[in-house]
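A short worksheet on the structure shown next.
Number of protein chains: 2
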Amino acid sequence: MKQKYNLIANELRRQNIRLSHLRKKVLEYLCQNPNHPTVDEIYVKIHKEVPNLSRTTIYNTLHILIKAGLLRLINIEDNETRYDIATQNHGHFKCEECGAIFDFNIDIDSFPIKELTGFKITDKNVYFKGVCPGCLLNIKNDN
Amino acid sequence: MKQKYNLIANELRRQNIRLSHLRKKVLEYLCQNPNHPTVDEIYVKIHKEVPNLSRTTIYNTLHILIKAGLLRLINIEDNETRYDIATQNHGHFKCEECGAIFDFNIDIDSFPIKELTGFKITDKNVYFKGVCPGCLLNIKNDN
DNA sequence: TTTAAAAATTGTAATGATTACAATTTATTA
DNA sequence: TAATAAATTGTAATCATTACAATTTTTAAA
Numbered sequence: 001m002k003q004k005y006n007l008i009a010n011e012l013r014r015q016n017i018r019l020s021h022l023r024k025k026v027l028e029y030l031c032q033n034p035n036h037p038t039v040d041e042i043y044v045k046i047h048k049e050v051p052n053l054s055r056t057t058i059y060n061t062l063h064i065l066i067k068a069g070l071l072r073l074i075n076i077e078d079n080e081t082r083y084d085i086a087t088q089n090h091g092h093f094k095c096e097e098c099g100a101i102f103d104f105n106i107d108i109d110s111f112p113i114k115e116l117t118g119f120k121i122t123d124k125n126v127y128f129k130g131v132c133p134g135c136l137l138n139i140k141n142d143n
Numbered sequence: 001m002k003q004k005y006n007l008i009a010n011e012l013r014r015q016n017i018r019l020s021h022l023r024k025k026v027l028e029y030l031c032q033n034p035n036h037p038t039v040d041e042i043y044v045k046i047h048k049e050v051p052n053l054s055r056t057t058i059y060n061t062l063h064i065l066i067k068a069g070l071l072r073l074i075n076i077e078d079n080e081t082r083y084d085i086a087t088q089n090h091g092h093f094k095c096e097e098c099g100a101i102f103d104f105n106i107d108i109d110s111f112p113i114k115e116l117t118g119f120k121i122t123d124k125n126v127y128f129k130g131v132c133p134g135c136l137l138n139i140k141n142d143n
C-alpha cells in the first residue's frame, strides 16, 4: 500500500504533476482500496473528511492519473466505470450476482497475435463475467 | 451473412421470440455490418427506410438479442457501447486514432486460470487498444 | 371474419454519469 | 508581499440510456 503510494508519488513528481492535498487523498484511497472503486465510492468516502469537496475534483484527479499512465479505467458494465491502481498484468472477473470484481493473473503478452503485427498496442484488457463461488453457494442453498 | 441471419432467426424461433418487421431490419443490419456498430449507427440507417422509427425499438431489440445470447455488448470506451453479432471466440482491437475496431482470433479458453476454479464463467472478453497500421503510417507522414 | 388478448412500437419525460466552464480559492515564485 | 499559475468549486449542459403510458400491430380464438 505505502510502497505503491510512494512509487506513484515519485512518478508524479518526475512528470511535474503536483500532488495537492486532495490529490493525495484520492491517491491514498486508491492505494488502500484496490477493489476497483467507482467515482462515487471515492467521492462519498473523501467527502466525509472534506465536506466541501466537489465531484469534479475527483474526476480531474482520476483523469490526471490516467493520463500519467498510473491508473487504469475498467469498462465491464456499460453503466459503471471503475478504476484500478494496480497496473500489473492481470484480468478481471465480475460476479453478476454480487457485483464484486476479482483480479486474476494472466500473462496476455505470452500470446502473440499474428493478426496484430504492425499494430502499436498500448493497452491490453481481459475481463470475464459469471458467478463467484460464494454466490454459487447461496444460489444452491436458496433452492 | 445470410447464413448467420438464418441461424439467428432459427434460434429466435426456438426461443419463441417473435421476429417482427423491425427486428428483422435490425438483425439484417447487424449481419450485414459486423463492424461493431453503435445504437446510433443502427438507428440512423434504419430510420432512412422507416421514418417513424423509435430509438427505443432499437434498444429493445438489442436487449432481446443479448438476453437470447445472440448478441454481444462491447465496452471498450466508457462513452460508447457497441454491439457484435459475431459470437465466435475473438478479441477486439480499437485504434485510438481512427476509432476503428478490428477483430482478432484468440483462444481464451486455452489458458485455464487456476485462480478462477470454482467460479462459473459465462462471458470472456479481450480487448486491446493502440494505433492501427494505417494510422501509424499517416502519423509518420505528417512529420 | 370478428373480436379479445398479447405483444410490439412509439414518443415523451426522467435518470444519471460525465463534462464544460466561469468564478473562486490556494499555492508558487519572484 | 505581490503577481502569476494551478487547483478547486459549483452550476449548468450534454448525452446515452431507461421508464412508462398510450397507441398500433399481431396473434389466436370464437
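Residue numbers (the UniProt record's numbering), protein chains in the order written: chain A, 1 to 143; chain B, 1 to 143. Note that the Cβ used here is the ideal one computed from N, Cα and C, for glycine as well.
Which residues in chain A have a C-beta closer than 8 Å to the C-beta of GLY130 (chain B)? List them in chain order. PHE119, LYS120, ILE121, THR122, ASP123
According to the Cβ coordinates, are PHE128 (chain A) and ILE121 (chain B) closer than 7 Å? yes
Just confirm the distance between the C-beta atoms of PHE119 (chain A) and GLY130 (chain B), as a whole number of angstroms; I'd bet it's less than 8 Å. 6 Å
May I ask you to list, following chain order, the residues of the segment 68-81 of chain B that have a beta carbon less than 8 Å from some beta carbon of chain A? LEU73, ASN75, ILE76, GLU77, ASP78, THR81
Can you check the segment 54-98 of chain B for any alpha helix (DSSP H) of at least 4 residues that lies completely inside it and give the ranges in chain order? 55-67
Under a CB-based cut-off of 7 Å, is LEU30 (chain A) close to chain B? no
Is there contact here, the segment 95-113 of chain A with the segment 48-64 of chain A, by at least three beta-carbon pairs under 8 Å? no
So TYR127 (chain B) contacts chain A; which residues on that side make the cut at Cβ distance below 7 Å? ASN125
Pull out every residue of the segment 85-107 of chain A whose Cβ sits closer than 7 Å to any Cβ of chain B, in chain order. PHE93, PHE104, ASN105, ILE106
Considering only DSSP beta bridges, list what VAL126 (chain B) is partnered with. A:VAL126
Is ALA86 (chain B) closer than 7 Å to GLN15 (chain B) when the C-beta atoms are compared? no
Note down, in chain order, each residue of its chain lying with its Cβ closer than 8 Å to the Cβ of THR81 (chain B), except the 5 sequence neighbours on either side. THR38, VAL39, LEU73, ILE74, ASN75
Roughly how many whole angstroms lie between the Cα atoms of VAL26 (chain B) and GLY91 (chain B)? 23 Å
In terms of DSSP beta bridges, what is VAL50 (chain B) paired with? Paired residues: none, contrary to the question.
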